[in-house]
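A short worksheet on the structure shown next.
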Amino acid sequence: MALLREGYDFISARCRRMNTDIFATRLMLRPAICVHGAEAAEMFYGGDHFTRVGAMPQTTLRLLQDKGSVQALDGAAHRHRKALFLSILLDGDQIERL
């Protein structure tokens with residue numbers, strides 16, 4: 018219930034309260050690890066530390082995007098689709114800084 022009530026503040030509020038950047042919890046009755054901060058974002062968004070395929074329920078995926086969207090791809094396919102998307106939004110210098 019707290020996640021629904023707090024939304025995006027759920028993780029950062031708990032990290033502040035526990036004075037940590039990582040904690041374990043349960044989301045939808047399943048174990049989950051929540052991370053916070055610049056290093057966590059770099060680990061999450063940069064590289065192949067996580068598997069995206071199958072991470073989002075099909076009903077949610079169809080509602081928000083569709084099969085084959087960047088958030089549902091891994092590895093080279095993910096990097097290629099992400100680069101295409103960023104090339105539309107940013108110029109080359111901005112992409113290099115990311």
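Per this note's numbering, the very first residue in the sequence shown carries number 18; after that it's consecutive. We put the CB at the ideal spot given by N, CA and C, even for glycine. This structure is a prediction, so every number in the text was calculated from the model and none was measured.
What span of residues does the alpha helix (DSSP H) with residue i cover, start to end?
i                : result
leucine 20       : 19-23
phenylalanine 61 : 55-62
Contact check, residue i vs residue j under 8 Å by CB: the rounded distance?
i                : j            : result
alanine 29       : histidine 53 : What sits at residue 29 in the sequence shown is serine, not alanine. Contact holds; Cβ gap of about 6 Å.
phenylalanine 40 : arginine 31  : 6 Å
glycine 92       : aspartate 65 : 6 Å
Can you give the Cα-Cα distance for residue i and residue j, rounded to whole angstroms?
i             : j             : result
glutamate 56  : aspartate 38  : 9 Å
cysteine 51   : aspartate 108 : 32 Å
alanine 58    : methionine 35 : 19 Å
arginine 96   : proline 74    : 22 Å
leucine 21    : leucine 101   : 33 Å
leucine 44    : alanine 94    : 28 Å
methionine 61 : arginine 98   : Note that residue 61 is phenylalanine in the sequence shown, not methionine. Roughly 17 Å separates the two Cα atoms.
methionine 18 : leucine 106   : 35 Å
threonine 42  : alanine 49    : 5 Å
Which residues bound the beta strand (DSSP E) around residue i?
i                : result
phenylalanine 40 : 39-44
alanine 191      : Given a span of 18 to 115 for the chain in the structure shown, any question on residue 191 remains unanswerable.
proline 48       : 47-52
Out of the options, state which residue places its alpha-carbon closest to the alpha-carbon of residue i.
i          : options                      : result
alanine 89 : Leu103, Leu101, Thr68, Thr76 : Thr68
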